[in-house]
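Each remark here refers to the structure printed beneath this line.
In structure tokens, the structure reads:
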């Protein structure tokens with residue numbers, strides 16, 4: 002998942018597709034995990050499949066000076082939750098961290114990452130073909146900025162993006178907005194900050 006070109010670009014600070022090499026990626030041989038932890042003494046993947054055991058699935062540090070730890074876990078499957086157990090080289094500090102490159106996570110207040118893939122059967126070919134006529138640059142525009150996590154809840158619980166998407170698309174269309182701007186959708190430690 003990580004080659005010499007990735008290493009060069011990473012060390013140079015110009016790698017623009019780290020999401021393709023870091024995080025969790027499902028393959029034919031299992032789930033490939035990779036995380037940057039340059040000050041770690043050891044890193045392991047803990048999750049549903051191994052009873053959250055730090056000894057079950059250790060990762061190996063790459064010997065290229067990047068501080069990237071990686072490995073393949075055969076038992077890990079789509080939908081399962083996980084974190085990285087990181088043992089620091091400094092003062093014996095140990096922490097369980099969510100994957101900063103995860104593409105799916107538990108709903109708050111839970112904080113684990115979820116193994117997922119980005120495969121999706123798109124059904125918008127007609128809309129894509131016609132969008133040029135609808136989004137003319139010389140036409141009026143009305144932008145709706147929204148923080149999806151606080152926009153709507155069900156019985157006080159956060160809704161997932163799939164649930165919110167249908168409700169929000171209908172609302173934005175009904176209110177005649179031509180564009181929607183999403184406030185940060187990434188995980189952040191204090192939900193009241195909206196990711197800022």
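In my numbering, the protein residues as written are 2 to 197. Beta carbons are placed, not taken as given, at the ideal position from N, Cα and C, and that holds for glycine.
Residue of the options minimising C-alpha distance to residue i
i           : options              : result
residue 157 : 7, 148, 109 and 59   : 109
residue 53  : 134, 96 and 12       : 96
residue 185 : 128, 174, 162 and 49 : 162
Nearest-angstrom Cα separation, counted from residue j out to residue i
i           : j           : result
residue 68  : residue 141 : 49 Å
residue 101 : residue 166 : 23 Å
residue 63  : residue 17  : 20 Å
residue 159 : residue 153 : 8 Å
residue 125 : residue 111 : 33 Å
residue 49  : residue 75  : 13 Å
residue 133 : residue 150 : 30 Å
residue 173 : residue 14  : 39 Å
residue 10  : residue 20  : 13 Å
residue 3   : residue 30  : 16 Å
9 Å Cβ cutoff met for residue i and residue j
i           : j           : result
residue 79  : residue 47  : no
residue 77  : residue 25  : yes
residue 90  : residue 45  : no
residue 114 : residue 103 : yes
residue 23  : residue 35  : yes
residue 93  : residue 33  : no
Own chain residues within Cβ distance below 6 Å of residue i, not counting five before or after
i           : result
residue 143 : 178 and 179
residue 70  : 36, 38, 44, 60 and 62
Cut-off 8 Å between Cβ atoms - residues of its own chain near residue i, not counting five sequence neighbours on either side
i           : result
residue 182 : 144, 145, 146 and 147
residue 66  : 12
Three-way DSSP call (helix, strand, coil) for residue i in this model
i           : result
residue 152 : helix
residue 183 : strand
residue 102 : coil
residue 50  : helix
residue 23  : coil
residue 128 : helix
residue 83  : strand
residue 114 : strand
residue 71  : strand
Other residues of its chain near residue i: CB distance less than 7 Å, five sequence neighbours each side excluded
i           : result
residue 107 : 82, 113 and 115
residue 42  : 88, 89 and 90
residue 168 : 153
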